[in-house]
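Numbering (the working numbering), first residue to last: 471 to 521.
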């Protein structure tokens with residue numbers, strides 16, 4: 471929802487918090503990577519998916 475409202479930075483911070491609580495959740499990792507790609511950070515997105 472935050473992403474659709476144009477609040478990507480806030481969405482990324484929220485996903486990072488959720489991932490710290492459930493680091494093995496691959497759907498959150500995929501969402502995090504997608505948000506990072508949207509922000510123009512494909513290298514960081516790749517690192518998120520490799521973890």
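Just so it is clear, CB atoms sit at the ideal spot from N, CA and C, and this is done for glycine as well. Note that this is a predicted model, so its numbers are computed, not measured.
I'd like to know whether the C-beta atoms of residue 481 and residue 489 end up nearer to each other than 8 Å. Going by C-beta atoms, residue 481 is not nearer than 8 Å to residue 489.
For a test of the three-state rule: what should DSSP assign to residue 504, helix, strand or coil? Residue 504: helix per DSSP, three-state reduction.
Is residue 492 helix, strand or coil when you go by DSSP? Coil at residue 492, not helix or strand.
Locate the alpha helix (DSSP H) running through residue 513, then write down its first and last residues. 512–520 is the span of the alpha helix (DSSP H), which, as asked, contains residue 513.
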